[in-house]
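**Student:** Numbering-wise (the working numbering), the sequence shown opens with residue -4 and increments by one.
Using N, Cα and C, we set each Cβ at its ideal position, and we do this for glycine too.
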Amino acid sequence: MVDETAETQPAEEAPPAPEYPVLAVPADGIPPVVDTIEALARTREALASGTGPVAIDTERAQGYRYTAKAYLIQLRRDGAGSHLIDPVAFENGQARADFHALADDLADADWILHAATQDLPCLAEVQLVPKHLFDSELAARLLNLPRVNLGALIETVVGVTLLKEHSAADWSRRPIPEDWLSYAALDVEHLTDLREWLIDKLTEAGKLDWALQEFDYLVEHAKDAPPVRRDPWRRASGLHSIRTPAAMAVVRELWLVRENLARELDRSPGRVLADRALTELAMVLDSTKAPRLTRADLRSVRGFNNRLPSRYEALWLEALNRAADLPSSELPPRHLSPDGPPPPRAWERRWPASFERYYRVRAALSELAEAQDVPVENLLSPDHLRRLLWDSPDQIEPDEIEARLVELGARLWQRELVVPVIAQYW
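1) Which same chain residues end up closer than 8 Å to residue 410 when comparing Cβ atoms and leaving out the 5 residues on each side of it in sequence?
2) Would you call residue 235 buried or exposed, if buried means 16 or more other Cβ atoms sit within 10 Å of its Cβ?
3) Tell me whether residue 331 is buried or exposed, calling it buried when 16 or more other Cβ atoms sit within 10 Å of its Cβ.
4) Roughly how many angstroms lie between the CA atoms of residue 193 and residue 335, to the nearest whole one?
5) Tell me whether residue 192 sits in a helix, a strand or coil according to DSSP, three-state version.
6) Please state if the CB of residue 263 and the CB of residue 66 are separated by a distance shorter than 8 Å.
7) Residues bridged to residue 76 by DSSP?
8) How long is the line joining the alpha carbons of residue 105 and residue 404, rounded to whole angstroms?
9) Around the C-beta of residue 69, are 16 or more other C-beta atoms found within 10 angstroms, so that it is buried, or is it exposed?
10) Tell me residue 130's beta-bridge partners as DSSP assigns them.
11) For the structure I just gave you, are there three or more beta carbon pairs, one from the segment 89 to 100 and one from the segment 119 to 139, closer than 8 Å?
12) Distance, Cα to Cα, residue 458 vs residue 357?
13) If we count the other Cβ atoms within 10 Å of its Cβ and call it buried at 16 or more, is residue -2 buried or exposed?
14) Going by beta-carbon coordinates alone, are residue 148 and residue 197 separated by less than 8 Å?
15) So which of 134, 287, 177 and 140 has the shortest CA-CA distance to residue 157?
16) Leaving aside the five residues before and after residue 202 along the sequence, list all residues of the same chain whose C-beta is less than 8 Å from its C-beta, in chain order.
17) In angstroms with no decimal places, state the Cα-to-Cα distance between residue 321 and residue 329.
18) When burial is assigned at 16 or more other CB atoms within 10 Å of the CB, is residue 283 buried or exposed?
19) Which residues in the same chain have their Cβ closer than 7 Å to the Cβ of residue 217, if we skip the five residues on either side of it in sequence?
20) In angstroms, rounded to a whole number, what distance separates the CA positions of residue 214 and residue 132?
21) Out of 246, 180, 146 and 134, state which residue places its alpha-carbon closest to the alpha-carbon of residue 195.
22) Tell me which residues share the same chain as residue 375 and place their Cβ nearer than 7 Å to its Cβ, disregarding the 5 neighbours each side in the sequence.
23) Identify every residue that forms a DSSP beta bridge with residue 54.
24) Quick one: complete alpha helix (DSSP H) runs, 4+ long, within the segment 76 to 102?
25) Grouping DSSP H, G and I as helix and E and B as strand, with all else coil, what is residue 298?
26) Where DSSP assigns a beta bridge to residue 152, which residues make up the other side?
27) Can you check whether the CB of residue 268 is closer than 8 Å to the CB of residue 253?
28) Give me the residue from 317, 290 and 278 with the minimum Cα distance to residue 454.
29) What's the C-alpha gap between residue 386 and residue 345?
30) Can you name the residues that DSSP bridges to residue 17?
31) Just to confirm, are residue 296 and residue 275 a CB contact at a threshold of 8 Å?
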């Protein structure tokens, strides 16, 4: 008998061929991993004797490991070639390696990074902090280019395609596979070409000074500690389904246990226990209205029965008991009061003048951004605008607007453009 269903099923489509030739192997071959003192000395000597800017990238293992530290650092400079440094090999029993001497060697050079805010924290952890910086993604945003990811920009400038299949890989793996090393080296191979192209475009658009101010700001804040998030456990997915403070306490206590375990095991929290297990167990309390959750309740949620979580059952039960023993005055509220301005849509009843002012000014800034051919969020941070206009006075002088934006961190080029418009539409 003929299988008619097989005949009518459409053939599986092949993925579209890339528009540009694929750049699969670095021009100079795959550089060896720098993981010894002797190899690092040779890398330092080569980079110090090179010329021009230094292209830099990092590879992390977020989604696999607890921290966002760098597991590979790629550097390339004209006359020096590409270098792949394994920072783990230089930790010497410490939490992080210390490459301040390498940073000193390169202090006078422009460091080219793509989306620098992603890489600067892990570079600062190993004392690689720039004195001069060029962020190719930010430059592309100021030019209002339609696509600002590295692959798209390299296609435009160089006419080749970068494969991105290893961008989310577990870079803590050792030894690092050769095709991963090739991918890593290629990420810095054309950053210098990209920088030169972007500088030309910024100059043509009259935006080079804007970019330089933005880059100086990034350098100034390169060593800033990440902001401390208020009640980070509230980021657990599924929290919106929790109805009572008692169940919220369950999520919080379980989340804290998971966080400690993830830190100790150096695993991503989601690989210790999925968020959905935390909230599913809390929902059991909501649905049963029992005074406390039991071992049977814990085991009824599938995630807690997996091999790793089940090993720590005693810790989960202790967390459940802590949550159950809390007095009502110590139970977490379902919703936090805003830390700073609430969303502008919530202003209408309590701050009607600010509500109207916000939407009036925002519309004017959108027109200004269009006229300047820059994304409105780069013209002025949405958070800066909210903080400036929330519960704002009915009358204000332009120099007061200027002073407040300076305090918030707006750059000079931004203030020069937006202060007259904000004052006009206040």
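**Tutor:** Let's see:
1) For residue 410, where only same-chain residues beyond five positions count, the Cβ hits under 8 Å are 397, 400 and 401.
2) Residue burial annotation: residue 235 is exposed, with fewer than 16 other C-beta atoms found within 10 angstroms of its C-beta.
3) exposed
4) Residue 193 and residue 335: Cα-Cα distance of roughly 37 Å.
5) helix
6) no
7) For residue 76, the pairing in a beta bridge is given by DSSP as 72.
8) 23 Å
9) buried
10) 108
11) yes
12) The structure shown has nothing for residue 458, since the chain only spans -4 to 421.
13) Its pLDDT being 39, under 50, residue -2 is placed unreliably by the model, and the measurement read from it follows with that caveat. Looking at its Cβ environment, which holds fewer than 16 other Cβ atoms inside 10 Å, residue -2 is exposed.
14) no
15) 177
16) 137, 138 and 369
17) For residue 321 and residue 329, the distance between alpha carbons rounds to 15 Å.
18) exposed
19) 115, 119, 124 and 125
20) 15 Å
21) 134
22) 360, 405, 409 and 413
23) Looking at the DSSP assignment, residue 54 forms a beta bridge with 67.
24) 95 to 100
25) helix
26) Residue pairing of residue 152 in beta bridges, as defined by DSSP: absent, with no partner found.
27) Yes, the Cβ-Cβ distance between residue 253 and residue 268 is below 8 Å.
28) Outside the displayed range of the chain (-4 to 421) lies residue 454, so it cannot be described from this structure.
29) 9 Å
30) 156
31) yes
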